[in-house]
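Read in order, the letters of the sequence shown are residues 77 to 480 in the numbering used here. C-beta: ideal position from N, C-alpha, C; glycine also. Nothing here was measured: the structure is a model prediction, and the numbers come from that model.
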Amino acid sequence: MKAEEPVRLYGTHIAADPAELYEEIRGRHGSVAPILLDDDVPAWFVIGYREVHHVTANPQMFARDSRRWNQWPNIPENWPLLPYVGWNPSVMFAEAGEHQRRAGAIGDALDVIDRTELTSICERASDLLIDTFAGDGEADLVAQYATIVPLYVLAKIFGLPDADVPTLVQDIAESLDVGEGAADAYGRVQARMQRLVKDKKDRPGPDVPSRLLNHPTGLTEEEVFMDLLVVLAAAQAPTGNWIGNALRLMLIDDDFSVSLQGGRSSVAQALNEVLWKDTPTQNFIGRWAVHDCELGGRRVHRGDLLVLGFAAANRDPQVRPSFHDTGTNRAHMSFGHGEHGCTYPGPEMGEIMAKTAIEVLLDRLPDVRLAVDVKELQWRPSLWMRGLFALPVSFTPTTRVSRG
Numbered sequence: 077m078k079a080e081e082p083v084r085l086y087g088t089h090i091a092a093d094p095a096e097l098y099e100e101i102r103g104r105h106g107s108v109a110p111i112l113l114d115d116d117v118p119a120w121f122v123i124g125y126r127e128v129h130h131v132t133a134n135p136q137m138f139a140r141d142s143r144r145w146n147q148w149p150n151i152p153e154n155w156p157l158l159p160y161v162g163w164n165p166s167v168m169f170a171e172a173g174e175h176q177r178r179a180g181a182i183g184d185a186l187d188v189i190d191r192t193e194l195t196s197i198c199e200r201a202s203d204l205l206i207d208t209f210a211g212d213g214e215a216d217l218v219a220q221y222a223t224i225v226p227l228y229v230l231a232k233i234f235g236l237p238d239a240d241v242p243t244l245v246q247d248i249a250e251s252l253d254v255g256e257g258a259a260d261a262y263g264r265v266q267a268r269m270q271r272l273v274k275d276k277k278d279r280p281g282p283d284v285p286s287r288l289l290n291h292p293t294g295l296t297e298e299e300v301f302m303d304l305l306v307v308l309a310a311a312q313a314p315t316g317n318w319i320g321n322a323l324r325l326m327l328i329d330d331d332f333s334v335s336l337q338g339g340r341s342s343v344a345q346a347l348n349e350v351l352w353k354d355t356p357t358q359n360f361i362g363r364w365a366v367h368d369c370e371l372g373g374r375r376v377h378r379g380d381l382l383v384l385g386f387a388a389a390n391r392d393p394q395v396r397p398s399f400h401d402t403g404t405n406r407a408h409m410s411f412g413h414g415e416h417g418c419t420y421p422g423p424e425m426g427e428i429m430a431k432t433a434i435e436v437l438l439d440r441l442p443d444v445r446l447a448v449d450v451k452e453l454q455w456r457p458s459l460w461m462r463g464l465f466a467l468p469v470s471f472t473p474t475t476r477v478s479r480g
């Protein structure tokens, strides 16, 4: 590969060892690298910590409205990354005052939730799921636990009826797959959220959709619907993979296992370590250059797409903390940064969900162990989200429990 030949940043090789790939790119191209996305669509890969910080901290220079993209004439209708870049009237693509209005309403609606009550909801959800496999002596902690806990919690704070949760869980799981039914499943998720908003408009309750509908900023039903989908996506996959990646590390890394079980550090510190080592949100599309500028020694043109390399930025040798500091240093980029970073109190709530899910599992299944050779664990081949296909474990069968 020539020094300035763009890197093809797609294909199954991405999942094999992304950390090694990022370091190879850094060594050849520096902190901002020319890349090719699917179908050889050009973009910039921002992998320097300082450069990612600069881009995310300056929305007037690097904005979120994807309609600025100078490559739209070259994008096919079936381009696989369209769900990430196709503009829609949600908080994700809003800018300036409009983004502040929408993100502020979401933050207010979430911040009302009592953290003790949220922990109780997480405990009940975790126990409910563990009860389904506790007597079997074996389980897949990805499909049967990690990816589902956040959905049960979200369904509760969204005010969904308990009877709707299993169907929602199934549809979201199918929508995240690469199968033919993914689009139909996502359509059902959208339809369910639309019905939920209409129901809460007529019969408001102590839940997130009702608070958004009644927020002083005067959100419309369509805005609430769109932003609920954003919250759902932003909370489910990242939190589920955060739990799964932490459990994987616990099962294969003796030092990490000790930290999770109360030796070297708390579960919260161990989870923070995961955000440095194996953050769920690896990369993010993105930002679009508002005008010609220079970034990391590169000439970026107006309308260029910038892919934010959060995982690579966390591993930037200029800023990466030592091994013993990763549990307490929270300066990672795993939640983004700036006005389009994860809206407060999202990171705090995600940590409560992940921490509680792991604590309950260790309490219920103290001898849980990996049921396959570590080499058999397979990462999903995604540039964007770091997570396992499955995490098979075994343990001593136990009985069901119930929490009030």
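Note to self: Val-366 and Met-137 - do their beta-carbons sit closer together than 7 Å?
What the structure shows: It is a contact, given that the beta carbons lie within the stated cut-off.
Next item on the list: Look at the alpha carbon of Lys-451 and the alpha carbon of Leu-467, and state the distance between them as a whole number of angstroms.
Entry: When rounded, the distance between both Cα atoms is 12 Å.
Next item on the list: Would you tell me roughly how many angstroms separate the C-alpha atoms of Val-448 and Glu-435, rounded to the nearest one?
Entry: So the alpha carbons of these two residues sit roughly 23 Å apart.
Note to self: By the three-class DSSP mapping on this structure, what secondary structure does Leu-483 have?
What the structure shows: The question about residue 483 has no answer here: the residues shown for the chain are numbered 77 through 480.
Notebook entry, point to check: Using 8 Å as the Cβ pair cut-off and three pairs as the minimum, do the segment 223–239 and the segment 274–289 touch?
Noted result: Yes, since at least three Cβ pairs between the segment 223–239 and the segment 274–289 fall closer than 8 Å, the two stretches touch.
Check: From Pro-82 to Pro-110, what distance separates their C-alpha atoms?
Finding: A straight-line Cα-Cα distance of about 5 Å links Pro-82 and Pro-110.
Margin query: Just to confirm my understanding: we take Leu-230, look at its own chain, exclude 5 residues before and 5 after, and list those with CB closer than 7 Å. What are they?
Written below: Counting only Cβ-Cβ distances below 7 Å, and skipping sequence neighbours, we find Leu-308, Ala-311, Gln-312.
Checklist line | Distance, Asp-116 Cα to Ile-197 Cα | finding: Going by C-alpha positions, Ile-197 is about 45 Å away from Asp-116.
Notebook entry, point to check: Does the Cβ-Cβ distance between Ala-91 and Pro-457 come in under 7 Å?
Noted result: By the CB criterion at 7 Å, Ala-91 and Pro-457 fall inside the cutoff.
Next item on the list: Report the residue ranges of all alpha helix (DSSP H) runs contained in full by the segment 328–401; include only those spanning at least 4 residues, in chain order.
Entry: Counting whole runs of 4 or more residues, the segment 328–401 contains the alpha helix (DSSP H) stretches 330–336, 343–353, 386–390.
Note to self: Measuring only the C-alpha atoms, how far is Trp-163 from Phe-209?
What the structure shows: Spanning the two alpha carbons is a distance of roughly 41 Å.
Item checked: Reduced DSSP secondary structure (H/G/I, E/B, other) of Ala-109 -> Looking at Ala-109 - three-state DSSP - the assignment turns out to be strand.
Checklist line | Coarse secondary structure for Leu-305, derived from DSSP in three states | finding: Helix.
Next item on the list: Drop a sphere of 10 angstroms on the beta-carbon of Leu-464, count the other beta-carbons inside from all chains shown, and report buried for 16 or more, exposed for fewer.
Entry: It is buried - the Cβ of Leu-464 has at least 16 other Cβ atoms within 10 Å.
Item checked: Closest by C-alpha distance to Cys-418, when choosing among Pro-165, Glu-96, Ile-224, Gln-176 -> Comparing Cα-Cα distances from Cys-418 to each of Pro-165, Glu-96, Ile-224, Gln-176, the minimum goes to Gln-176.
Item checked: Selected residue, minimal CA-CA separation from Ala-185, among Asn-290, Leu-438, Arg-406 -> Measuring from the Cα of Ala-185, the nearest candidate turns out to be Asn-290.
Notebook entry, point to check: From Gly-422 to Thr-432, what distance separates their C-alpha atoms?
Noted result: Taking the straight line joining both Cα atoms gives about 15 Å.
Note to self: Please list the terminal residues of the continuous beta strand (DSSP E) segment that includes Glu-214.
What the structure shows: 214–216 is the span of the beta strand (DSSP E), which, as asked, contains Glu-214.
Margin query: Out of Arg-143, Glu-427, Met-409, Met-461, which one is the CA nearest neighbour of Val-225?
Written below: Out of Arg-143, Glu-427, Met-409, Met-461, Glu-427 has the C-alpha closest to the C-alpha of Val-225.
Checklist line | His-89 to Gly-281 span [Cα, whole Å] | finding: When only Cα atoms are considered, His-89 and Gly-281 end up about 47 Å apart.
Next item on the list: Provide the residue(s) that pair with Ala-446 in DSSP beta bridges, ordered along the chain.
Entry: Residue 446 is actually Leu in this sequence, not Ala. Paired residues: Val-469.
Next item on the list: Could you spell out where the alpha helix (DSSP H) holding Val-161 opens and where it closes?
Entry: Where Val-161 is concerned, the enclosing alpha helix (DSSP H) stretches over 158–161.
Notebook entry, point to check: Name the DSSP beta bridge partners of Ala-119, please?
Noted result: For Ala-119, which the question treats as bridged, DSSP gives the partners Ile-111.
Item checked: Residues sharing a beta bridge with Ala-139, DSSP -> Paired residues: Trp-364.
Item checked: 6 Å Cβ shell around Gly-316 - same chain, five flanking residues per side excluded -> Within the same chain, Gly-316 has close Cβ partners Ala-222, Thr-223, Pro-226.
Next item on the list: Return helix, strand or coil for Val-131, following the three-state DSSP convention.
Entry: Looking at Val-131 - three-state DSSP - the assignment turns out to be helix.
Notebook entry, point to check: Between the C-alpha atoms of Arg-476 and Ala-388, what's the straight-line distance to the nearest angstrom?
Noted result: If you take the alpha carbons of Arg-476 and Ala-388, they lie about 42 Å apart.
Checklist line | C-alpha distance - Arg-462 paired with Asp-354, whole-angstrom precision | finding: If you take the alpha carbons of Arg-462 and Asp-354, they lie about 7 Å apart.
Margin query: For Pro-94 and Trp-155, I'd like the C-alpha separation in whole angstroms.
Written below: Distance between the alpha carbons of Pro-94 and Trp-155 is about 23 Å.
Notebook entry, point to check: So what does DSSP say about Val-284, is it helix, strand or coil?
Noted result: Helix at Val-284.
Note to self: Along the chain, where does the alpha helix (DSSP H) containing Thr-235 start, and where does it finish?
What the structure shows: A small correction: the amino acid at residue 235 is Gly; Thr does not occupy that position in the sequence shown. Neither: Gly-235 is in no alpha helix (DSSP H) and is coded neither H nor E.
Check: Considering only residues of the same chain and omitting the five flanking positions on each side of Trp-517, which have a CB-CB separation below 8 Å?
Finding: Nothing in the structure corresponds to residue 517, since the chain is present only between 77 and 480.
Next item on the list: Using 6 Å as the cut-off, classify the Cβ of Pro-110 as near or not near the heavy atoms of the ligand ADP, replying yes or no.
Entry: Because no ligand of any kind appears in the structure shown, any question about the ligand ADP cannot be addressed here.
Item checked: For Val-83, three-class secondary structure by DSSP -> Strand, per DSSP.
Note to self: Taking a contact to mean a Cβ-Cβ separation below 7 Å, would you say Pro-473 touches Gly-124 in this structure?
What the structure shows: Not a contact, by the Cβ cut-off of 7 Å.
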